[in-house]
Amino acid sequence: MDAHLAILGVLLMVAGVRSMVRPYELGKFDEQIDAVGSTRPVPDVEPADWKVALHRYGGAAITVAGAVSLLYGLRSVENALLPTYGIFLIFLGAPIALRPSVFAKLEEQLNAIGSKRSWSEVEPAHWKVVLTKYTGIALTGVGFGLVALGL
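Numbered by this note's numbering, the letters in the sequence shown go through residues 7 to 157 in order.
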């Protein structure tokens with residue numbers, strides 16, 4: 007059963023990373039599916055910025071859920087891997103928590119690549135900076151928890 011959890015975790019992580027890396031395409035695909043039954047032409051739809059952000063943050067949540075599932079699956083195999091994953095999450099989350107405005111601006115620039123906005127002129131909203139900061143804090147906290155579980 008534990009091996010199945012590890013495989014499910016890998017599949018969830020792949021889907022989550024795909025959603026985080028290409029949120030604009032997934033948002034556009036959602037809009038095209040919605041446009042099939044309506045009078046709007048299918049190729050002319052554009053996703054709203056909030057849908058793109060929802061795909062990005064939803065992908066992050068799916069990736070974290072996949073990582074937890076993978077860790078529970080691997081826990082029975084070897085506990086030595088938990089601190090390794092914990093250290094990885096600490097090194098991933100700490101810079102995000104310390105410099106959230108940089109990462110929020112990077113996210114806005116990534117969102118602007120597929121749209122009509124200029125990527126060099128975007129500025130993140132304050133709520134995105136705060137959300138990015140708490141995401142970094144959560145990743146760091148999960149990392150410390152995994153290190154503690156593995157020791």
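Backbone N, C-alpha and C fix where the C-beta goes; we use that ideal spot for every residue, glycine too.
Quick check: the Cα distance between residue i and residue j, rounded to an integer number of angstroms?
i, j, result
"R81", "V16", "14 Å"
"T146", "R105", "13 Å"
"E37", "F109", "27 Å"
"P130", "F150", "29 Å"
"S75", "T45", "42 Å"
"P47", "G64", "27 Å"
"I93", "G99", "10 Å"
"W125", "V58", "15 Å"
"V148", "T141", "11 Å"
"S25", "H61", "6 Å"
"A12", "I143", "25 Å"
"E127", "L157", "46 Å"
Classify residue i as helix, strand or coil using the three-state DSSP reduction.
i, result
"A103", "helix"
"G33", "helix"
"T69", "helix"
"A118", "helix"
"E52", "coil"
"P47", "coil"
"R24", "helix"
"V108", "helix"
Identify, in the order they occur along the chain, each residue of the same chain with its Cβ nearer than 6 Å to the Cβ of residue i, setting aside the five sequence neighbours on each side.
i, result
"P53", "G33, K34, E37"
"G120", "Y30"
"A41", "V48, V51"
"T69", "M19, G22, V23"
Considering only residues of the same chain and omitting the five flanking positions on each side of residue i, which have a CB-CB separation below 8 Å?
i, result
"H10", "G79"
"L152", "L77, L88, P89, Y91, G92, L95"
Below 7 Å CB to CB, which residues in the same chain sit around residue i once its five sequence neighbours on both sides are set aside?
i, result
"K139", "A103, P106"
Practice task
For the stretch 120-156, list the alpha helix (DSSP H) runs that are entirely contained and at least 4 residues long, ordered along the chain.
Solution key: 132-156
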